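Notes to accompany the following structure.
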Amino acid sequence: MKLLVCISKTPETTAKIAFKDGNTTFDENGVQYIMNPYDEWYALVRAVELKEAHGGTVTVINVGPASNDVVIRKALAIGADDAIRVDADPNSSMFVAKQIAEQAKDYDLILLGKETIDYNGSEVGAMVAEYLDLPYVSYGTNLDIADGKATITRDIEGGAESSQIALPLVVSAAKGMAEQKIPNMRGIMIAKRKPLNVVAPVAAEDLAVVASYTVPEGRTSCKMIDPDNMDELVRLLQEEAKVL
Amino acid sequence: MVLVYTEAHNGQFKKAALEAVTYGNKTAQVMGTKCVALVIGEATNPAELGKYGAAEVMTVNSGNLAHFDSQTYGHAISAVAQQAGAKVVILPHSSTGKSLAGRVAVKLNAGCVSGANAIHTMDGGVFKVKKNVFSGKAVAEYQLNSDIKVLTLSGNSLKAEDGGADATVTAMDLEVPASRVTILGVDKQQGDLAPLPEAELVVSAGRGMKGPENWGIIEDLAKVIGATTACSRPVADTGWRPHHEHVGQTGVAIKPNLYIAAGISGAIQHLAGVNSSKCIVVINKDPEAPFFKAADYGVCADLFDVVPKLTEAIKKAKA
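Taken in sequence, the protein lines are chains G and S. Position 38, counted from 1, in the first sequence is what this note's numbering calls 1247; the numbers after and before it change by one each time, with no gaps. Position 123, counted from 1, in the second sequence is what this note's numbering calls 134; the numbers after and before it change by one each time, with no gaps.
Printed below as a string of structure tokens:
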């Protein structure tokens, strides 16, 4: 079985979010980058588990500059066999999806996280599936493979749905599909020798791009209420905040 | 024209669907065109979408659309959009809408923005629309360079406005390919409450509850205001509450009008899922709880004492 995992690079969860150049560019100053947690903890780890159970290979793919290689090496340390980096700036979801689809034509299962924690778009999986004319199941919390078919449980509002689909297909992974796995020293050493193939991008347009950013004003002061006067809290919620 | 895909559940339109039609109508007004609603499958009264701003309602019924599959639904929505000449396609920002948006965008060669939270603007002839990014820590204004645009509308971004008249309903005849997905089962753990992404009022609790047997006071508070209940990650992880109630970075991101958090310290990952709420009330006995810094109103006391008192105060105010 050939598995492909799409990984993205995102600022670390607690990174300070600031912008520069007249609020048109994310300020990378002092920002630590990580592999997008949904891609890493759930999609990649589950792919490696499926490979260990059923045999096959796990390839990771990333669209980005050479500075992303550190994140790609981590994916190799966790257990991917090889990697593809499409050497281009990922400026829009459709551009990224097109690059992935171009490389993804020969896989049984394509996995990715449910969204990235920076742009929270949740768009790329559906786009890749559409380019390849494959089924797509989003928000998978459980994924098993048997007899060339995937059995998937996915989150829906207020519950869960389970379904069965013949391979190949695209699945986005949510919490529950697997558990975070810390790479061991052996994995890290081997990762250095695993193939990381850099390929040139295909032509694709950026149809939706960020023009500017704003940072919403944070809550400046919390009004403390006397615990013995809940009538006052109710009054404020009704009259000041107007939410009750 | 502007095409809005409206989701129904048991024949009734979801709140997000009504919001989307209102949003679609306002979008159409900016563009000087009309808003058309699309209904797939069974809805008791599709004409009522006219009240929320749809000039027309189109319905598509096919055995191949009996259950949701992003491939067949994406096909149907794109086909209707093409036939009707839609310039903007609006979907709900639900699990359904998010799994459709990318597909429809590729089919229509459209720029795609998921989670739009305001009506677009035309800035020097350029279509621009805003959404939250970095888990609510910033807002990005996207510029769309394509002829057709696909947007998903973040829940609770505007109020559904009724007041118009019923719309005419036209059944569309559409060839839909068979679904490759077999549904094995659906487990609905939640009753009649609004699903979390749509909820206007949310009461949430964390480890400060000490155990699942103590949740009665949270449910009582939620009940008096008609709120949906939620919880923090540790609570869902230990199985005190069902997984679908978990709000935060790895759970559901919400933006209700009111978020009441009891016994939740306010870790940054939790805040990432709730900081778009319009008003936040934090109840915690630890004055150093970081959540107070992100709250509008705080009560520093034992939640087992405060929560029932708040419930009583609301009952009294409502009486």
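Just so it is clear, CB atoms sit at the ideal spot from N, CA and C, and this is done for glycine as well. No experiment lies behind these values; they were computed from the predicted model shown.
Worksheet item: Taking C-alpha atoms, which residue in Gln-154/S, Met-12/S, Gly-108/S lies nearest to Met-133/S?
Response: Position 122 of the second sequence, counted from the start, is the residue given in the question as residue 133/S. For the residues Gln-154/S, Met-12/S, Gly-108/S, the minimum Cα distance to Met-133/S belongs to Gln-154/S.
Worksheet item: For Ala-31/S, is the classification buried or exposed, using 16 other Cβ atoms within 10 angstroms of its Cβ as the cut-off for buried?
Response: Position 20 of the second sequence, counted from the first residue, corresponds to residue 31/S. Counting Cβ neighbours within 10 Å, Ala-31/S comes out buried, since at least 16 surround it.
Fill in: Where Val-1407/G sits in the DSSP three-state scheme
Counting from 1 along the first sequence, the entry for residue 1407/G is found at position 198. It is a strand residue.
Discussion item. Does the contact criterion of 3 or more C-beta pairs under 8 Å hold for the stretch 228-244 of chain S versus the stretch 183-198 of chain S?
Written reply: no
Worksheet item: Does DSSP put His-257/S in a helix, in a strand, or in coil?
Response: Along the second sequence, one-based indexing puts residue 257/S at 246. It is a strand residue.
Discussion item. Between Leu-1285/G and Lys-1403/G, how many whole angstroms is the CB-CB distance? I'm expecting something under 8 Å.
Written reply: In the first sequence, counting from the first residue as 1, residue 1285/G sits at position 76. In the first sequence, counting from the first residue as 1, residue 1403/G sits at position 194. Going by Cβ atoms, the distance from Leu-1285/G to Lys-1403/G rounds to 5 Å, so yes, they are a contact pair.
Item to complete: Please report the residue range of the beta strand (DSSP E) in which Gly-35/S lies.
Response: As a first step, residue 35/S is located in the second sequence; it is residue number 24 there, counting from the start. Where Gly-35/S is concerned, there is no enclosing beta strand (DSSP E), although the alpha helix (DSSP H) it sits in stretches over 26-42.
Practice prompt. Keeping to the same chain, check which residues put their C-beta closer than 7 Å to that of Gly-126/S; ignore five residues upstream and five downstream.
Written response: On the second sequence, position 115 is the one that residue 126/S refers to. Closer than 7 Å at Cβ, skipping near neighbours: His-104, Lys-142, Asn-143, Thr-163, Ser-165.
Worksheet item: Any beta-carbon of chain S closer than 8 Å to the one on Pro-1425/G?
Response: Working through the first sequence from its first residue, we reach residue 1425/G at position 216. It does; some Cβ of chain S falls within 8 Å.
Worksheet item: Just by C-beta distance, which residues in the stretch 1344-1364 of chain G are closer than 8 Å to chain S?
Response: Pro-1344, Tyr-1345, Val-1346, Ser-1347, Tyr-1348, Thr-1350, Thr-1360, Arg-1363, Asp-1364
Practice prompt. Can you give me, in chain order, the residues of the stretch 1225-1251 of chain G that have a beta carbon less than 7 Å from any beta carbon in chain S?
Written response: Ile-1226
Item to complete: Note down, one range per segment and in chain order, each alpha helix (DSSP H) of at least 4 residues found wholly within the stretch 66-97 of chain S.
Response: 81-95
Discussion item. I believe Gly-1322/G touches Asn-1351/G by the beta-carbon criterion, under 8 Å. Please report the beta-carbon distance rounded to the nearest angstrom.
Written reply: Counted from its first residue, the first sequence places residue 1322/G at position 113. Counted from its first residue, the first sequence places residue 1351/G at position 142. Going by Cβ atoms, the distance from Gly-1322/G to Asn-1351/G rounds to 15 Å, so no, they are not a contact pair.
Worksheet item: Whose C-beta lies closer than 6 Å to the C-beta of Leu-1282/G among residues of the same chain, with five residues either side of it excluded?
Response: As a first step, residue 1282/G must be located in the first sequence, where it is residue number 73. In the sequence as displayed, the identity of residue 1282/G is Arg instead of Leu. Cβ neighbours of Arg-1282/G beyond the five flanking positions: Ala-1400.
Worksheet item: If the cut is a Cβ gap below 8 Å, which residues of chain G does Lys-304/S touch?
Response: Residue mapping note: residue 304/S aligns to position 293 of the second sequence, counting from 1. Chain G residues near Lys-304/S: Arg-1428, Cys-1431.
Item to complete: Taking 8 Å as the cut-off, decide whether the C-beta atoms of Thr-1417/G and Val-124/S are in contact.
Response: Here residue 1417/G refers to the residue found at position 208 when the first sequence is read from its first residue. Here residue 124/S refers to the residue found at position 113 when the second sequence is read from its first residue. At residue 1417/G the sequence reads Ala, which differs from the Thr that was named. Yes.
Item to complete: Could you name the residues that DSSP lists as bridge partners for Ala-1375/G?
Response: Taking the first residue of the first sequence as 1, we reach residue 1375/G at position 166. In DSSP, Ala-1375/G forms a bridge with Lys-1358/G.
Worksheet item: Run through DSSP, which three-state label would Glu-1237/G get?
Response: Mapped onto the first sequence, residue 1237/G falls at position 28. Here Glu-1237/G sits in coil by DSSP.
Discussion item. For a cutoff of 8 Å on Cβ pairs, would you count Gly-1367/G as touching chain S?
Written reply: Residue 1367/G sits at position 158 when you count from the first residue of the first sequence. With 8 Å as the cut-off, Gly-1367/G counts as an interface residue toward chain S.
Worksheet item: What does a CB cutoff of less than 7 Å around Met-1336/G pick up in its chain, not counting 5 residues either side in sequence?
Response: Stepping through the first sequence from its first residue, residue 1336/G is reached at position 127. Excluding positions up to five away in sequence, the list reads Ser-1302, Met-1303, Ala-1306.
Practice prompt. Using a Cβ-Cβ cut-off of 8 Å, state whether Ile-236/S counts as contacting chain G.
Written response: The count along the second sequence starts at 1 and reaches residue 236/S at position 225. Chain G contact via Cβ: present.
Worksheet item: Taking a cut of 9 Å between CB atoms, which residues from the stretch 1372-1386 of chain G lie near chain S?
Response: Ser-1372, Gln-1373, Ile-1374, Ala-1375, Leu-1378, Ser-1381, Ala-1383, Lys-1384, Gly-1385
Fill in: Whole-angstrom distance between Thr-1266/G and Val-1380/G, CA atom to CA atom
For the purposes of this step, residue 1380/G is identified with residue 171 of the first sequence, where counting begins at 1. For the purposes of this step, residue 1266/G is identified with residue 57 of the first sequence, where counting begins at 1. C-alpha separation (whole angstroms): 17 Å.
Worksheet entry | Cα-Cα separation, Leu-60/S to Ala-48/S | Walking along the second sequence from the start, residue 60/S turns up at place 49. Walking along the second sequence from the start, residue 48/S turns up at place 37. Their Cα atoms are separated by approximately 7 Å.
Worksheet item: Contact check, Ala-149/S vs Tyr-1422/G under 8 Å by CB: the rounded distance?
Response: For the purposes of this step, residue 149/S is taken as residue 138 along the second sequence, with counting starting at 1. For the purposes of this step, residue 1422/G is taken as residue 213 along the first sequence, with counting starting at 1. So it is a contact: roughly 5 Å between Cβ atoms.
Worksheet item: For Pro-1436/G, which residues in chain S fall below 9 Å Cβ to Cβ?
Response: In the first sequence, residue 1436/G corresponds to position 227, counting from 1. Those within 9 Å of Pro-1436/G in chain S are Ile-294, Val-310, Cys-311, Ala-312, Asp-313, Asp-316, Val-317, Lys-320.
Discussion item. At the 8 Å Cβ level, is Glu-152/S part of the contact set with chain G, yes or no?
Written reply: To locate residue 152/S, count along the second sequence from 1; it is residue 141. Glu-152/S counts as touching chain G.
Worksheet item: Using a C-beta cutoff of 8 Å, does Ser-1331/G count as contacting chain S?
Response: Translated into positions along the first sequence, residue 1331/G becomes position 122. So, interface residue.
Worksheet entry | Exposure label - Met-69/S; buried when at least 16 CB within 10 Å | Reading the second sequence from its first residue, position 58 is the one you call residue 69/S. With 16 or more other Cβ atoms within 10 Å, it is buried.
Worksheet entry | Extent of the continuous alpha helix (DSSP H) to which Arg-1444/G belongs | As a first step, residue 1444/G must be located in the first sequence, where it is residue number 235. Here the alpha helix (DSSP H) through Arg-1444/G covers 1439-1444.
Worksheet item: Would the C-beta of Asp-297/S count as close to the ligand SAH, meaning under 7 Å from any of its heavy atoms?
Response: What this structure holds is no ligand at all, so the ligand SAH is not there to describe.
Fill in: Per-residue contacts from Gly-1334/G into chain S (C-beta, under 9 Å)
Within the first sequence, residue 1334/G is the residue found at index 125, counting from 1. Neighbours of Gly-1334/G on chain S, chain order: Ser-110, Gly-113.
Practice prompt. Say whether the stretch 245-256 of chain S touches the stretch 300-313 of chain S, bearing in mind that this needs 3 or more beta-carbon pairs closer than 8 Å, one atom from each stretch.
Written response: no
Worksheet item: Beta-carbon of Asp-1440/G versus every beta-carbon of chain S: anything under 8 Å?
Response: As a first step, residue 1440/G must be located in the first sequence, where it is residue number 231. So yes, Asp-1440/G belongs to the interface.
Discussion item. Can you check whether the C-beta of Asn-268/S is within less than 8 Å of a C-beta belonging to chain G?
Written reply: Sequence index remark: in the second sequence, residue 268/S carries index 257 (1-based). Chain G contact via Cβ: present.
Discussion item. If the criterion is Cβ atoms closer than 8 Å, does the pair Val-1408/G and Cys-1215/G meet it?
Written reply: Walking along the first sequence from the start, residue 1408/G turns up at place 199. Walking along the first sequence from the start, residue 1215/G turns up at place 6. Taking 8 Å as the Cβ cut-off, Val-1408/G and Cys-1215/G do not qualify as a contacting pair.
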